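Under mature numbering (1 follows the signal peptide of the UniProt record, and there is no 0), read the sequence shown as residues -27 to -1, 1 to 238, first letter to last. Single-structure report; data block below.
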Amino acid sequence: MTLFRRAFLGIAGAAAFSVASAGLASAAALVVGSYPSNPPFEYKTSSGSFEGFEVDIVNEVAKRLGMTVEISDLGFQALFAATASKRIDVAISSITITRERLGSQSFTQPYYDADMGVATRKEAGLSRIEDLKGRVVGVLAGSTGDKWAKENREKYGIADIKSYNAQQDLLMDLSAGRADVAVSDVPGMEYAFLKMKDLVVKVRIKTGEQYGLMMTRDHPLLARANDAITAMKKDGTLAAIHKKWFGTDPAAGSATAAEQPMPKP
């Protein structure tokens, strides 16, 4: 009896351990940071859940990795410290892949091509980039729009640069006349202008910018996440997500439609 009881307890213990291990494996989460004031790429619903183009992408990537997703709300600049410190695995927020960022972060292959734009009130007399002379330019702090404005301030005679921590605050100040111009990513601004009908993108700045998932430098899941994006392009999943959020099919050969190399430092 004693031997049988020990054997039974051993089997029961092993089974319990197996169930617990399976539970831990199934609960493995991809920890994601997001700046959620960035529709249609990511935003928070009234219930507190995250939705958007990049939210759908990261959820699909995690699904293909056999993982769940945990998304936390962070400011745009805080995303870089959070990945660098390994507090999160992935950052999403239409983050442009740049050589400077590749010095401390890793990126998957790009999945979106984006231009920057110069937005104003509809009645403003601005039709070309040279019309920035003497204007107050609003930018999102830490963004590539911020970088562009600082680098081109003297060239175009920009009077002042105002930095904002939230895109909504930037566009509200633009609408109210507290900034003359906003320099930011075109897709996010045009999405906002569906409701803010007094504002419009007047000039496009061709930048060659591309967005990817930003991850901790040399993250162990980087290659697998990149492979998942390749598969999503090949099987049409990424194109379907694009159509859902932008209403159109991605352009042939674009970063949304075609496999691209993973960026290297």
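Even for Gly, the Cβ is constructed at its ideal location relative to N, Cα and C. On a predicted model such as this, the values are computed, not experimentally measured, just so you know.
Under the three-state reduction of DSSP output, T180 falls in the strand class. Its chain contains I65, Y84, L186, I202, M205, L211 and I214 as the residues whose beta carbon lies nearer than 8 angstroms to that of I30, once the 5 sequence neighbours on both sides are disregarded; these appear in chain order. The region 7 to 19 makes contact with the region 130 to 141; the number of CB pairs closer than 8 angstroms reaches 3 or more. With a cut-off of 8 angstroms on Cβ pairs, the region 174 to 185 is not in contact with the region 53 to 64, counting fewer than three such pairs. Secondary structure in the region 99 to 135: the beta strand (DSSP E) runs of 3 residues or longer, each lying completely within the stretch, are 109 to 113 in chain order.
Sorting T18, F26 and R94 by C-alpha distance to the C-alpha of K217 places F26 at the top. Membership of D88 in the beta strand (DSSP E) is indicated by the continuous run Y85 to R94. Exclusion of the five residues before and after D88 leaves D158, V159, R177, I178, K179, T180 and E182 as the residues of its chain whose Cβ lies within less than 8 angstroms of its Cβ. Bounds of any beta strand (DSSP E) do not take in M145; it lies within the alpha helix (DSSP H) bounded by Q140 to A149. The region 103 to 123 and the region 146 to 155 touch, with no fewer than 3 CB-CB distances between them shorter than 8 angstroms.
Spatial neighbours of T229 in its own chain (CB-CB distance under 8 angstroms, excluding positions within 5 residues in sequence) are listed in chain order as Y84, Y85, D86, K206, L211, A212, H215 and P223. Collapsing the DSSP output to three states places A225 in coil. Here the alpha carbons of G6 and I44 stand approximately 6 angstroms from one another.
Between A35 and the set K237, D171 and L194, the nearest pair of CA atoms involves L194.
G98 and V174 have their C-alpha atoms roughly 12 angstroms apart. Per DSSP, the beta bridge partners of N11 are E15.
Under the three-state reduction of DSSP output, E27 falls in the helix class. The Cβ atoms of I68 and V4 lie no closer than 8 angstroms to each other. Counting of Cβ neighbours within 10 angstroms places G90 among the buried residues, the total reaching 16 or more. With a cutoff of 8 angstroms on beta-carbon distance, A92 and L172 are scored as near each other.
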